[in-house]
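Each residue of the sequence shown is one higher than the one before, counting from 1 in full-length UniProt numbering.
Glycine is no exception: its CB is placed at the ideal position from the N, C-alpha and C atoms.
Here the structure is a predicted model, which is why all the values come from computation and not from measurement.
Each remark here refers to the structure printed beneath this line.
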Amino acid sequence: MAAANDYRRLVLGAWGCGVFQNDPALVAGTFRDLLTGRFAGHFDEVVFAVLDRTGATRDAFDRTFA
Numbered sequence: 001m002a003a004a005n006d007y008r009r010l011v012l013g014a015w016g017c018g019v020f021q022n023d024p025a026l027v028a029g030t031f032r033d034l035l036t037g038r039f040a041g042h043f044d045e046v047v048f049a050v051l052d053r054t055g056a057t058r059d060a061f062d063r064t065f066a
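Structure (structure tokens):
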């Protein structure tokens, strides 16, 4: 939707990594694969808004996008 409407900045979250217990490394890796593959060069800035009380989810995103 964002790409189709030519948005250049994108805010995403750690979808499903809280109460639904999705694997943060898998979610971050999927975002990485899409942002470096199908949507490569489409966005000037991508920010992940991650609410994480333990640090584990944020750490997974930090490692993936380091």
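Item: Contact under 8 Å by Cβ, Phe61 with Arg9; Value: no
Item: Which residues DSSP lists as bridging Ala49, in chain order; Value: Gly13
Item: Candidates Gly13, Ala4, Ala25: closest to Ala56 by CA position; Value: Ala25
Item: Buried or exposed (CB count within 10 angstroms, at least 16 for buried), Ala14; Value: buried
Item: Three-way DSSP call (helix, strand, coil) for Val19 in this model; Value: coil
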